[in-house]
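Respectively, the protein sequence lines represent chains Z and A. According to full-length UniProt numbering, the first sequence is numbered sequentially starting from 1. According to full-length UniProt numbering, the second sequence is numbered sequentially starting from 1. Ideal Cβ placement from N, Cα and C applies to all residues, glycine included. Note that the coordinates shown come from a computational prediction; the quantities given were computed from them, not determined experimentally. Heads up: the structure comes next, in C-alpha cells.
2 protein chains.
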Amino acid sequence: MITIEEHLAGILQATHRLPSVPCGLADAQGLVLAANVTSRWPVPLFDNSAMDGYAVRSEDATAGAILTVVADVAAGSDEDPAIGPGEAVRIMTGAAIPSDADAVVPLEQTDLGTAIRAEAPERITVLVAPAPGAHIRRRGQDASAGAVSVASGARLGPWQLSAIASAGIEQVTVHRAPRVAIISTGSELIAPSGTPRRGQIPESNSVLLSAAVREAGAIITSAATVADDPPALRRALDATDADVVILSGGASVGAFDVVKAVLGEERGVRFSQVAMQPGKPQGFGVLDEGMLAFCLPGNPVSVAASFEVFVRPALRQMAGFAVIDRPRVIRTAGAAWTSPKGRVQILPAVFDDEIVRPATSGGSGSHLVTSLAAATAFAVIPAETVRVEEGEPVTVMVLA
Amino acid sequence: MITIEEHLAGILQATHRLPSVPCGLADAQGLVLAANVTSRWPVPLFDNSAMDGYAVRSEDATAGAILTVVADVAAGSDEDPAIGPGEAVRIMTGAAIPSDADAVVPLEQTDLGTAIRAEAPERITVLVAPAPGAHIRRRGQDASAGAVSVASGARLGPWQLSAIASAGIEQVTVHRAPRVAIISTGSELIAPSGTPRRGQIPESNSVLLSAAVREAGAIITSAATVADDPPALRRALDATDADVVILSGGASVGAFDVVKAVLGEERGVRFSQVAMQPGKPQGFGVLDEGMLAFCLPGNPVSVAASFEVFVRPALRQMAGFAVIDRPRVIRTAGAAWTSPKGRVQILPAVFDDEIVRPATSGGSGSHLVTSLAAATAFAVIPAETVRVEEGEPVTVMVLA
Numbered sequence: 001m002i003t004i005e006e007h008l009a010g011i012l013q014a015t016h017r018l019p020s021v022p023c024g025l026a027d028a029q030g031l032v033l034a035a036n037v038t039s040r041w042p043v044p045l046f047d048n049s050a051m052d053g054y055a056v057r058s059e060d061a062t063a064g065a066i067l068t069v070v071a072d073v074a075a076g077s078d079e080d081p082a083i084g085p086g087e088a089v090r091i092m093t094g095a096a097i098p099s100d101a102d103a104v105v106p107l108e109q110t111d112l113g114t115a116i117r118a119e120a121p122e123r124i125t126v127l128v129a130p131a132p133g134a135h136i137r138r139r140g141q142d143a144s145a146g147a148v149s150v151a152s153g154a155r156l157g158p159w160q161l162s163a164i165a166s167a168g169i170e171q172v173t174v175h176r177a178p179r180v181a182i183i184s185t186g187s188e189l190i191a192p193s194g195t196p197r198r199g200q201i202p203e204s205n206s207v208l209l210s211a212a213v214r215e216a217g218a219i220i221t222s223a224a225t226v227a228d229d230p231p232a233l234r235r236a237l238d239a240t241d242a243d244v245v246i247l248s249g250g251a252s253v254g255a256f257d258v259v260k261a262v263l264g265e266e267r268g269v270r271f272s273q274v275a276m277q278p279g280k281p282q283g284f285g286v287l288d289e290g291m292l293a294f295c296l297p298g299n300p301v302s303v304a305a306s307f308e309v310f311v312r313p314a315l316r317q318m319a320g321f322a323v324i325d326r327p328r329v330i331r332t333a334g335a336a337w338t339s340p341k342g343r344v345q346i347l348p349a350v351f352d353d354e355i356v357r358p359a360t361s362g363g364s365g366s367h368l369v370t371s372l373a374a375a376t377a378f379a380v381i382p383a384e385t386v387r388v389e390e391g392e393p394v395t396v397m398v399l400a
Numbered sequence: 001m002i003t004i005e006e007h008l009a010g011i012l013q014a015t016h017r018l019p020s021v022p023c024g025l026a027d028a029q030g031l032v033l034a035a036n037v038t039s040r041w042p043v044p045l046f047d048n049s050a051m052d053g054y055a056v057r058s059e060d061a062t063a064g065a066i067l068t069v070v071a072d073v074a075a076g077s078d079e080d081p082a083i084g085p086g087e088a089v090r091i092m093t094g095a096a097i098p099s100d101a102d103a104v105v106p107l108e109q110t111d112l113g114t115a116i117r118a119e120a121p122e123r124i125t126v127l128v129a130p131a132p133g134a135h136i137r138r139r140g141q142d143a144s145a146g147a148v149s150v151a152s153g154a155r156l157g158p159w160q161l162s163a164i165a166s167a168g169i170e171q172v173t174v175h176r177a178p179r180v181a182i183i184s185t186g187s188e189l190i191a192p193s194g195t196p197r198r199g200q201i202p203e204s205n206s207v208l209l210s211a212a213v214r215e216a217g218a219i220i221t222s223a224a225t226v227a228d229d230p231p232a233l234r235r236a237l238d239a240t241d242a243d244v245v246i247l248s249g250g251a252s253v254g255a256f257d258v259v260k261a262v263l264g265e266e267r268g269v270r271f272s273q274v275a276m277q278p279g280k281p282q283g284f285g286v287l288d289e290g291m292l293a294f295c296l297p298g299n300p301v302s303v304a305a306s307f308e309v310f311v312r313p314a315l316r317q318m319a320g321f322a323v324i325d326r327p328r329v330i331r332t333a334g335a336a337w338t339s340p341k342g343r344v345q346i347l348p349a350v351f352d353d354e355i356v357r358p359a360t361s362g363g364s365g366s367h368l369v370t371s372l373a374a375a376t377a378f379a380v381i382p383a384e385t386v387r388v389e390e391g392e393p394v395t396v397m398v399l400a
C-alpha cells in the first residue's frame with residue numbers, strides 16, 4: 001500500500017497547467033488569469049464629483065457667499081464651462097469637474113437643499129465653505145494608467161471582472177477550464193429510472209462526478225456507462241475527447257475488473273492500493289494522447305472521497321489555481337466512532353462552529369450513499385487512529 | 001435615513017419562493033429541492049458482496065476447509081446458484097449474494113490469494129473462517145424503500161444528486177432559479193474597450209452583477225445599458241422578461257436620476273436613504289408584472305455592497321434556500337481605519353484565520369473598484385463606530 005500523499009504526488013507531478021487562451025470578459029467568470037491585466041487609463045479617468053452639488057472656486061465659496069450658477073454639467077457631459085469669480089456650475093455625481101473649479105459644494109450645503117429641479121437655479125447661497133479639493137475624486141486615485149488592475153493567478157469573480165472592465169479591458173488571458181469525460185463501468189448498472197432485475201443497480205456515479213467536476217470549475221464533455229467488456233471500454237476511451245477521463249468501477253482485483261484489464265498494462269496506467277478508507281483501489285496515468293486517466297473505485301462514497309482527495313486538486317492545478325486543496329479546519333468530535341487501522345479514514349460528516357460528527361449513525365461503508373447526501377464535509381482521520389473518542393480534535397475537510 | 005435591517009425587511013417581505021417545477025437530475029445541480037425525494041427501493045437493493053471472494057455457508061467454511069467452487073457470480077449477474085454442503089461460489093464486489101450463502105470469504109483469506117484468473121478455480125482452501133454475515137452488505141442497510149433520501153429544502157450538490165439517482169429517481173421537484181435582468185443606467189457609460197471622451201467612463205456594473213447573480217445560483221436573462229433618458233429606460237423595462245430587474249445608477253437626488261424619475265412615482269418603487277456606506281441611495285419595489293426591482297447606486301463598490309446586503313438574500317429566498325445570508329466571522333482588526341458616523345460601513349477587506357484589514361490602503365470610496373478586486377470579504381462596521389482601532393474585533397462577511 002502507498003499513502004494518500006504518495007499517490008497524490010504522482011498525480012500532481014503529471015498534471016500541468018492548461019495553456020493560456022484569450023477570453024472575453026463575458027465568458028471569463030470563474031477562470032484564472034494567466035497574465036496581469038493592466039489599466040488602459042488612470043482610474044478614475046478624470047477628476048469628477050463625488051456628490052450632486054456645485055463646482056466652485058473654493059476661494060469664492062465662503063459661508064454665506066452668493067454664487068451665480070453659469071452652467072449645468074451632467075454625468076457623461078463633455079462640457080468644461082469656464083467659472084469666473086463669484087460663479088458656480090451645477091454638477092452631478094460622476095461628472096467631470098470643470099477645469100476652473102477646485103471644490104464641490106454638495107446640494108445640502110446650499111440654501112436650496114436637495115429639492116432639485118431639472119433646470120439649474122440662477123444663484124445659490126453657500127451654507128458651508130468647502131475645503132480646497134472637497135468632494136472631488138481625483139484622476140488616478142484608484143489606479144494609475146498601466147498599473148496592474150488584477151494580477152495573474154487571480155480567480156475572476158464578480159469584483160475582479162468589474163475592476164477589469166473599469167480598466168478598459170474586455171479581453172483577458174486565462175487558463176482554459178479542464179475538459180473532463182466520465183465513464184462509469186459495470187455490467188450491473190442501469191438507468192436510475194429503470195426497473196432492476198436481480199443483480200442490477202442504478203448508475204449514480206456519472207451524476208455525482210458531473211456535478212463535482214462542474215463545481216471544481218471544469219467542463220463535462222461526455223458521460224458514458226459501459227459494461228464490464230474490454231472492447232466496449234476501449235471503444236469508449238477511443239471516442240473520448242477531453243483533458244481528463246474519470247473512470248469509476250473495475251479498478252480492483254476482481255476477475256472482471258474491466259478498467260484494470262484495459263488500462264493496466266498497455267496504456268501505462270498504474271494501479272495502486274492506497275492506505276485510505278474508502279477508496280483503496282486507485283489507478284492513475286497519462287494516456288497516449290496526453291489525457292489524464294483517473295481510475296476510481298465504484299462505490300459512491302469511494303468515488304466522492306477519491307474525487308476530493310485526488311481528482312479535484314489535479315483539476316484545480318490544470319485550471320491555474322494557486323490553492324488547489326479544500327480548506328481544512330479542526331473541530332471537536334461530537335461522537336465516538338471507529339476508524340480502520342493503517343488507513344486514513346475519509347468519513348462523510350457534518351460540522352458546526354464547534355463539533356464534527358458522522359453524517360449518519362449508519363457507519364462508514366463505501367456503499368452508504370444516502371448518508372453521503374446528509375454530509376457537508378469529510379472528517380479525515382489519521383491512519384494510526386483506530387477509534388475517535390468524543391471530545392478529541394478532528395480534521396475536517398470543508399466541502400459545502 | 002432607515003437602517004439596513006429596515007430596508008432588507010421590506011425587501012424580504014415582498015420576496016416569495018418561486019414556484020416548484022419538475023426537473024431532470026442532469027439539470028438540477030445547485031437548485032433547492034421543493035419536495036422530499038423518497039427511495040423507490042431499499043438501498044442497497046439486495047444483499048451483495050462487499051469484497052471479491054467466495055460466497056459460502058459459514059458453518060462449512062472453517063479454517064482449513066476445502067470447498068468446491070460450483071459457480072461464478074459477476075456483478076450484474078442475475079444468477080442465484082445453489083450452494084450445497086462443502087461448496088462455495090466465486091463472487092465479485094457488488095454481486096448479489098446467493099440465497100444459500102450467509103458469508104463471504106475474501107480472496108486474500110483463501111489459499112489462492114488475490115492472483116485471480118478469468119476462470120474460477122475448482123476448489124479453494126479457507127484460511128480464515130468468516131463470521132456469519134461477514135462481508136455482506138445487507139439489503140436496505142443504507143435506506144429502506146420509501147425512506148426520505150434527500151429532504152425538501154436541500155441544495156442539490158454532487159452528493160445529493162448521487163443519493164437521488166441511487167434511490168431510483170431521475171426527476172425531482174425543485175424551486176426554479178430566479179431569472180434576473182440587469183440594466184445599467186448613465187449617459188456617461190461606454191463599452192470598456194471604447195475610447196472615452198471627456199466625461200465618459202467604462203460600463204462595468206453589468207459584468208459585476210451578471211457574475212454575482214450567477215454565483216448566487218440565479219440566471220441572467222438580459223443585460224442592457226441605457227442613457228439618462230426616461231423614455232429609453234421605460235422601453236428597456238417594458239422589454240424586460242425576468243423575476244428580478246437590477247438597475248444601477250440614477251437612484252440618488254441628482255437632476256438627471258433617470259431610475260428615480262421613471263420608477264419613483266408611477267410604478268410604486270420606494271426610494272430610501274439607507275444608513276450604510278457605500279450604498280446610501282437605495283430603491284426597491286414590485287412592478288406591475290410582479291417583477292422585483294432593485295435600484296442600486298451607480299458606483300462599483302456601492303453596487304457590490306448593495307448586491308450582497310440586499311439583492312443576494314432576496315435571490316436566495318426566491319430560490320428556496322433556508323440560509324440566505326453570507327457567513328459572518330469575527331476577526332481582529334490588523335490596521336486602524338475610520339468609519340462614517342451614523343452609517344454601517346461595508347468595507348472591501350481581506351482576512352485570514354486571525355486578522356482582517358482593508359483590501360487596500362486607498363480608503364473606502366465607493367469608486368475604488370481596483371481595491372474591490374483585491375478583496376475577499378466585506379468588513380461590516382456598526383453605525384456608531386467612527387474609528388476601528390487595530391486589535392479590535394471586527395465582523396467579516398465572507399464572500400470568496
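In chain A, which residues lie less than 8 Å from Z/Leu372 when you measure between Cβ atoms? Taking the first sequence and counting its residues from 1, the one referred to as residue 372 of chain Z is at position 372. Near Z/Leu372 (Cβ distances below 8 Å), the residues of chain A are Trp159, Ser162 and Ala163.
* Looking at C-alpha atoms only, which residue of Z/Asp352, Z/Ala336 and Z/Lys341 is the closest neighbour of Z/His389? -> Here residue 389 of chain Z is taken as the residue at index 389 of the first sequence, counted from 1. Looking at the sequence itself, residue 389 of chain Z is Glu, so the reference to His does not match. Of the listed residues, the one whose Cα sits closest to Z/Glu389 is Z/Ala336.
Query - Positions along the region 33-46 of chain Z whose CB lies within less than 7 Å of some CB in chain A - result: Residues Val43, Pro44, Leu45 and Phe46.
field: Contact check, A/Val244 vs A/Ala211, beta carbons under 9 Å
entry: Counting from 1 along the second sequence, the entry for residue 244 of chain A is found at position 244. Counting from 1 along the second sequence, the entry for residue 211 of chain A is found at position 211. In this structure, A/Ala211 does not lie closer than 9 Å to A/Val244 by Cβ.
CB-CB length for A/Leu315 against A/Val213, believed under 8 Å: On the second sequence, residue 315 of chain A is found 315 positions in, with the first residue counted as 1. On the second sequence, residue 213 of chain A is found 213 positions in, with the first residue counted as 1. For A/Leu315 against A/Val213, the beta-carbon gap comes to about 7 Å, under 8 Å, which counts as contact.
Residues of the region 73-95 of chain Z in Cβ contact with chain A at a cutoff of 9 Å, in chain order, please. Val73, Ala74, Ala75, Gly76, Ser77, Asp78, Glu79, Asp80, Arg90, Met92, Thr93, Gly94 and Ala95
### CB contact check: residue 401 of chain A to chain Z, cutoff 9 Å
Given a span of 1 to 400 for chain A in the structure shown, any question on residue 401 of chain A remains unanswerable.
Strictly below 8 Å CB to CB, what residues from chain B border A/Asp100? Although the question refers to chain B, the structure presented lacks it and instead comprises the protein chains Z and A.
Where the beta strand (DSSP E) containing A/Ala71 begins and where it ends:
What you label residue 71 of chain A is simply residue 71 of the second sequence in a count that begins at 1. For A/Ala71, the enclosing beta strand (DSSP E) covers residues Ile66 to Val73.
*Looking at the unbroken beta strand (DSSP E) that takes in Z/Leu263, where does it start and where does it end?*
Here residue 263 of chain Z is taken as the residue at index 263 of the first sequence, counted from 1. No beta strand (DSSP E) contains Z/Leu263, which is instead part of the alpha helix (DSSP H) from Val258 to Leu263.
Check: Where Z/Ala75 and Z/Ser206 are concerned, what is the direct C-alpha to C-alpha distance, given to the nearest angstrom?
Finding: Taking the first residue of the first sequence as 1, we reach residue 75 of chain Z at position 75. Taking the first residue of the first sequence as 1, we reach residue 206 of chain Z at position 206. Those two C-alpha atoms are separated by around 53 Å.
Rounded to whole angstroms, what is the Cα-Cα separation between Z/Gly86 and Z/Glu59? By one-based count along the first sequence, residue 86 of chain Z stands at place 86. By one-based count along the first sequence, residue 59 of chain Z stands at place 59. Roughly 9 Å separates the two Cα atoms.
Strand pairing of A/Gln171, partner residues [DSSP]: The residue you call residue 171 of chain A lines up with position 171 of the second sequence. Answer is A/Gly24, bridged to A/Gln171.
Q.
Quick check on A/Gly199 - is its C-beta less than 9 Å from some C-beta in chain Z?
A. As a working mapping, residue 199 of chain A is identified with position 199 in the second sequence. Closer than 9 Å to some Cβ of chain Z, the Cβ of A/Gly199 qualifies, so yes.
Q. Just curious, the alpha helix (DSSP H) that A/Glu59 is in, first and last residue?
A. On the second sequence, position 59 is the one that residue 59 of chain A refers to. That residue, A/Glu59, is in no alpha helix (DSSP H); it is neither H nor E in DSSP.
query: Nearest to A/Ala165 by CA position, among A/Gly194, A/Ala154, A/Ser49 and A/Val43, is which residue?
result: Along the second sequence, read from residue 1 onward, the residue named residue 165 of chain A stands at position 165. With distances taken between Cα atoms, A/Ala165 lies closest to A/Val43.
Please list, in chain order, all residues of the same chain as Z/Ala145 whose beta carbon is under 8 Å from its beta carbon, the five residues on each side excluded. Here residue 145 of chain Z corresponds to residue number 145 of the first sequence, with the count starting at 1. If we look at Z/Ala145 and ignore the five residues flanking it on each side, its Cβ neighbours are Ser39, Arg40, Trp41 and Pro42.
field: Residue span of the beta strand (DSSP E) that contains Z/Leu347, given as start and end
entry: Translated into positions along the first sequence, residue 347 of chain Z becomes position 347. It spans Val344 to Phe351 - the beta strand (DSSP E) in which Z/Leu347 sits, taken as one unbroken run.
Does the beta carbon of Z/His367 sit closer than 9 Å to a beta carbon anywhere in chain A? As a working mapping, residue 367 of chain Z is identified with position 367 in the first sequence. It does: the Cβ of Z/His367 has a partner Cβ on chain A nearer than 9 Å.
query = Which residue or residues does DSSP assign as beta-bridge partners of Z/Ile220?
reply = Locating residue 220 of chain Z in the first sequence gives position 220, where the first residue counts as 1. BP columns for Z/Ile220 point to Z/Val180.
(Q) Assuming the contact rule is C-beta atoms closer than 8 Å, A/Ala239 and A/Thr221 should be a hit. Round their C-beta distance to whole Å, please. (A) On the second sequence, residue 239 of chain A is found 239 positions in, with the first residue counted as 1. On the second sequence, residue 221 of chain A is found 221 positions in, with the first residue counted as 1. In fact, because the Cβ distance is near 11 Å, the residues do not count as touching under 8 Å.
Check your understanding: Sorry if obvious, but does the Cβ on A/Ala349 come closer than 8 Å to a heavy atom of the ligand NAP?
Key -> No copy of the ligand NAP occurs in the structure displayed, which carries no ligand at all.
Check your understanding: Taking the Cβ atom as the reference point for each residue, do Z/Ser49 and Z/Ile136 lie within a distance shorter than 9 Å?
Key -> As a working mapping, residue 49 of chain Z is identified with position 49 in the first sequence. As a working mapping, residue 136 of chain Z is identified with position 136 in the first sequence. Against a cut-off of 9 Å, the Cβ pair of Z/Ile136 and Z/Ser49 comes out as a contact.
Worksheet item: Where do the ends of the beta strand (DSSP E) carrying Z/Leu296 lie?
Response: Within the first sequence, numbered from 1, the residue matching residue 296 of chain Z stands at position 296. Segment Leu292 to Leu296, the beta strand (DSSP E) holding Z/Leu296.
* To do: Return helix, strand or coil for A/Ile136, following the three-state DSSP convention.
  => As a first step, residue 136 of chain A must be located in the second sequence, where it is residue number 136. Strand at A/Ile136.
request  = Say whether chain A places a C-beta atom closer than 9 Å to the C-beta of Z/Phe294.
outcome  = Here residue 294 of chain Z refers to the residue found at position 294 of the first sequence. Taking Cβ atoms only, chain A never reaches closer than 9 Å to Z/Phe294, which makes this a no.
query = Residues in its own chain within less than 7 Å of A/Arg123 by CB, not counting five upstream and five downstream?
reply = What you label residue 123 of chain A is simply residue 123 of the second sequence in a count that begins at 1. Closer than 7 Å at Cβ, skipping near neighbours: Ile66, Leu67, Thr68 and Val69.
Problem - Between the CA atoms of A/Tyr54 and A/Gln109 - distance to the nearest angstrom - result: Start at 1 with the first residue of the second sequence, and residue 109 of chain A comes out as number 109. Start at 1 with the first residue of the second sequence, and residue 54 of chain A comes out as number 54. Their Cα atoms are separated by approximately 10 Å.
Option nearest A/Asp142 by Cα separation, candidates Z/Met318, Z/Leu368, Z/Val386 and Z/Ala377
Here residue 142 of chain A refers to the residue found at position 142 when the second sequence is read from its first residue. Of the listed residues, the one whose Cα sits closest to A/Asp142 is Z/Leu368.
Exercise for review: Please classify A/Thr125: does DSSP put it in a helix, a strand, or coil?
Suggested key: Counting from 1 along the second sequence, the entry for residue 125 of chain A is found at position 125. A/Thr125: strand per DSSP, three-state reduction.
Determine the burial state of A/Ile219: buried for a count of at least 16 other Cβ atoms within 10 Å of its Cβ, exposed for fewer.
Position 219 of the second sequence, counted from the first residue, corresponds to residue 219 of chain A. By the neighbour-count criterion, in which a residue is buried when 16 or more other Cβ atoms sit within 10 angstroms of its Cβ, A/Ile219 is exposed.
Based on DSSP bridge pairs, tell me the residues matched to Z/Phe271.
As a first step, residue 271 of chain Z is located in the first sequence; it is residue number 271 there, counting from the start. In the DSSP output, where bridge partners are listed per residue, Z/Phe271 has Z/Gly283.
Spatially closest choice to A/Lys341 from A/Phe256, A/Met276, A/Cys295 and A/Ala227, by CA coordinates: On the second sequence, residue 341 of chain A is found 341 positions in, with the first residue counted as 1. The option with the nearest alpha carbon to A/Lys341 is A/Met276.
Q | Nearest residue (CA-CA) to A/Ile183, options A/Ala177, A/Leu209, A/Ser193 and A/Val174 | A | Position 183 of the second sequence, counting from 1, holds the residue named residue 183 of chain A. Of the candidates A/Ala177, A/Leu209, A/Ser193 and A/Val174, the residue whose Cα lies closest to the Cα of A/Ile183 is A/Leu209.
| task | Quick one: using the 10 Å Cβ neighbour count with 16 as the cut-off for buried, is Z/Pro98 buried or exposed? | result | As a working note, residue 98 of chain Z is residue 98 in the first sequence. Burial call: buried.
Task: As assigned by DSSP and simplified to three states, the class of Z/Gln141 - done: The sequence position of residue 141 of chain Z within the first sequence is 141, counting from 1. Looking at Z/Gln141 - three-state DSSP - the assignment turns out to be coil, as it is neither helix nor strand.
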